[in-house]
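Asks: Our numbering numbers the first residue of the sequence shown as 488 and each following residue consecutively. Please read through the structure below; I'll follow up with questions.
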Amino acid sequence: MESVRRVTNAISRTLQKVEMLIGCVCLALMLGLMLFNAIARYLFDFPVVWSDEMNNFFFVWLGFMACAYIMGQDSHMAVTGLVGMLPRRARYVIKTCMNVVMIVVLLCYIPGFITLMGRVTLSGLLRLPLKYVYSILPISFGLMSFHVLNNIVNDTCEEMAARGKKEG
């Protein structure tokens with residue numbers, strides 16, 4: 488089990504670096520486009536009308552990459568007040584059940600997203616195929632599913648180690 492943990496952690500760390508890079512690139516492009524549009528609008532009286540649409544696309548990608556990254560950090564929103572008062576074993580069982588439910592839900596959305604990508608048309612102003620914008624949905628949900636699976640592996644290894652120390 489420990490070898491599986493090492494492999495999944497290595498893959499997860501690599502994916503997180505890619506997610507962070509994509510997020511940073513999106514943020515930098517958003518900032519650059521906003522500054523460019525502000526300068527063009529106020530200094531040259533020439534607004535760049537397509538920059539808002541592109542910023543929306545970058546914002547969508549940034550948001551979903553951030554979701555995937557947070558799942559990899561196991562830092563997603565959680566209500567831990569009641570669960571934190573339970574014994575270690577009960578916390579492990581509840582967290583694992585919640586993670587399994589999360590994986591099932593995330594994976595159930597992916598086929599619908601792929602269908603959606605086949606139905607969308609072109610963006611309003613730039614006339615870009617929206618399937619490229621919406622491709623982030625199945626990508627990020629797949630990444631989130633992997634990260635949650637990795638969290639389950641890590642939690643299971645920690646639970647096994649804690650149980651081994653208690654018995655030993």
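Backbone N, C-alpha and C define an ideal beta-carbon position, used for all residues, glycine too.
Relative to the alpha-carbon of Tyr621, which residue among Leu630, Ile601, Ala527 and Thr501 has its alpha-carbon at the smallest distance?
Replies: As a first step, residue 621 must be located in the sequence shown, where it is residue number 134. Of the candidates Leu630, Ile601, Ala527 and Thr501, the one whose C-alpha sits nearest the C-alpha of Tyr621 is Ile601.
Asks: Is the region 606-618 close to the region 547-560, with three or more CB pairs under 8 Å?
Replies: In short, these stretches do not touch, since the Cβ pair count stays below three.
Asks: Report buried or exposed for Thr567, applying the criterion of at least 16 other Cβ atoms within 10 angstroms of its Cβ.
Replies: Position 80 of the sequence shown holds residue 567. So Thr567 counts as exposed.
Asks: Can you give me the Cβ contacts of Val587 inside the same chain, cut-off strictly under 8 Å, excluding the 5 residues immediately before and after it?
Replies: By one-based count along the sequence shown, residue 587 stands at place 100. Ile639, listed in sequence order.
Asks: With distances taken between CB atoms, is the gap from Leu609 to Leu617 smaller than 8 Å?
Replies: Counting from one through the sequence shown, the residue named residue 609 turns up at place 122. Counting from one through the sequence shown, the residue named residue 617 turns up at place 130. Their beta carbons are under 8 Å apart, which means Leu609 touches Leu617 by this criterion.
Asks: Going by C-alpha distance, which of Ile597, Tyr619, Ser632 and Tyr596 is nearest Val607?
Replies: As a position in the sequence shown, residue 607 is number 120, starting the count at 1. Measuring from the Cα of Val607, the nearest candidate turns out to be Tyr619.
Asks: Does the contact criterion of 3 or more C-beta pairs under 8 Å hold for the region 535-552 versus the region 501-513?
Replies: Short answer: they touch.
Asks: With DSSP collapsed to three states, give me the class of Leu569.
Replies: Working through the sequence shown from its first residue, we reach residue 569 at position 82. Looking at Leu569 - three-state DSSP - the assignment turns out to be coil, as it is neither helix nor strand.
Asks: Given this structure, state the Cα-to-Cα distance separating Ala527 from Arg493, to the nearest angstrom.
Replies: Sequence index remark: in the sequence shown, residue 527 carries index 40 (1-based). Sequence index remark: in the sequence shown, residue 493 carries index 6 (1-based). Looking at the two C-alpha atoms, the distance is approximately 51 Å.
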